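Chains as they are written, first to last, in the numbering used here: chain A, 26 to 167; chain B, 929 to 1074. Okay, so here's the structure we're looking at.
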Amino acid sequence: MAMAVGGGKGGTMMNLNVTPLIDVLLVLLIIFMIIQPRIPHGLDALVPKPDKNQKPNKDVIERTIVVSIDAQRAISINQTPVSVNDLGQRLEDIFKNRNEHIMFIKGDPKLPFQDVALLIDISKGAGADKIGLITKAIEEQQ
Amino acid sequence: MASKRAALGEVSDINVTPLVDVMLVLLIIFMVITPLLQKGVSVDLAKAHNPRQMPDAEKTNAVELAVTRDGKVFLNAQPVAMGDITKQVSDLMANRLNKVVFIKSDARAKYGDVVSVVDNVRAAGIEQLGLITERVRPNVNVPLTQ
């Protein structure tokens, strides 16, 4: 009788109970699944320093795309007015015939950041690789 | 006699499994909470459809400038005056190869404030920016503000 009890106990000790381990691992898995989408996302932008020794030639100036938005939220591509819904398509049409997808964005200082972010977002969606922000200092230099 | 020995045996080895469970869960909870607490400045990010993942922005050595709705600027969660940005950023970026500054701006912050920050960053010799945004699904429409 005593032997049987001892043997029985020995048996339970040998079988490692993995259920709690699995519980913990599942909780870990769920936590990491939730964390995954929290990786920060962002839009790339450039604030290039123009080369002082090199004067921008006429060809470059003519090909430059500047998308601007004024305080009334009127958007224009190189002074041509465009609606926010058409902007992506217009940019895609322009980029279709070009190798380098470079453009600049200029926003009115009174606007909320969301509006300028929206322009950058649409431009990225249209395939712009390099988006330069035109800031006060860059404008003064020109 | 037999029952007494069995009873003694049960008492002598403590079941540590629940303890370990609790400890591991606690550990995990702290692992999760710590980076969330470090983010510090909480801003309502701008929404965008096409942002790329920027895992670098989460690294401990990332240089992040936050612009809040009321125009306050924080450099890595520490408040910083507009005039000090250039010096502090160039100090932080002195020996870096990958010179990227992350701008975490509130959606309703004035773009003028963001531009001032960008100009100061640019004066520190930084040309590459990462504008941190919140990613929304393509079917969610993001309109212009009114």
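Just so it is clear, CB atoms sit at the ideal spot from N, CA and C, and this is done for glycine as well. The structure displayed is predicted, hence computed values, not measured ones.
Asked                                                                                                                                                             : Found
Tell me the start and end of each unbroken beta strand (DSSP E) in the segment 967–1018 of chain B that is at least 3 residues and wholly inside, in chain order. : 991–995, 1001–1003
Check each residue of the segment 1005–1039 of chain B: if its Cβ is closer than 9 Å to any Cβ of chain A, include it; give the result in chain order.            : Val1028, Phe1030, Ile1031, Lys1032, Ser1033, Asp1034, Ala1035, Arg1036, Ala1037, Lys1038, Tyr1039
Leaving out five residues on either side along the sequence, give the residues of the same chain with a beta carbon under 8 Å from the beta carbon of Ile1013(B). : Leu993, Val1001, Leu1003, Val1045, Asn1048, Val1049, Ala1052
Taking C-beta pairs closer than 7 Å, name the residues in chain A that Ala994(B) reaches, listed in chain order.                                                  : What Ala994(B) touches in chain A: nothing, since even the nearest Cβ is about 12 Å away.
Can you tell me which of Pro73(A), Glu87(A), Ala153(A), Ile159(A) puts its alpha carbon nearest to the alpha carbon of Glu125(A)?                                 : Ala153(A)
Within its chain, find whatever has a CB closer than 7 Å to the CB of Lys1038(B); leave out the 5 residues flanking it on each side and keep chain order.         : Gly999
DSSP state of Ser108(A), grouped into three classes?                                                                                                              : coil
Which two residues bound the contiguous beta strand (DSSP E) that contains Gly67(A)?                                                                              : 66–71
Mark Leu116(A) as exposed unless 16 or more other C-beta atoms lie within 10 angstroms of its C-beta, in which case mark it buried.                               : buried
Chain B partners of Pro24(A), CB-CB under 8 Å?                                                                                                                    : For chain A, the structure presents residues 26 to 167; residue 24(A) sits outside this window and is missing.
Chain B partners of Ala162(A), CB-CB under 8 Å?                                                                                                                   : Asp1047, Arg1050, Ala1051
Would DSSP call Gly152(A) helix, strand or coil?                                                                                                                  : coil
Specify the secondary structure class of Gln1056(B) as computed by DSSP and reduced to three states.                                                              : strand
Relative to the alpha-carbon of His66(A), which residue among Val1043(B), Lys1032(B), Gln1074(B), Phe958(B) has its alpha-carbon at the smallest distance?        : Lys1032(B)
Counting only the same chain and skipping the five closest in sequence on each side, list residues whose C-beta sits under 8 Å from that of Ser1018(B).           : Ala1052, Gly1053
Near Ala985(B), what residues of its chain come up, given a Cβ to Cβ distance below 7 Å and the 5 sequence neighbours on each side ignored?                       : Glu992, Phe1030, Gly1058, Ile1060
For Pro979(B), is the classification buried or exposed, using 16 other Cβ atoms within 10 angstroms of its Cβ as the cut-off for buried?                          : buried
Roughly how many angstroms lie between the CA atoms of Val92(A) and Glu1055(B), to the nearest whole one?                                                         : 20 Å
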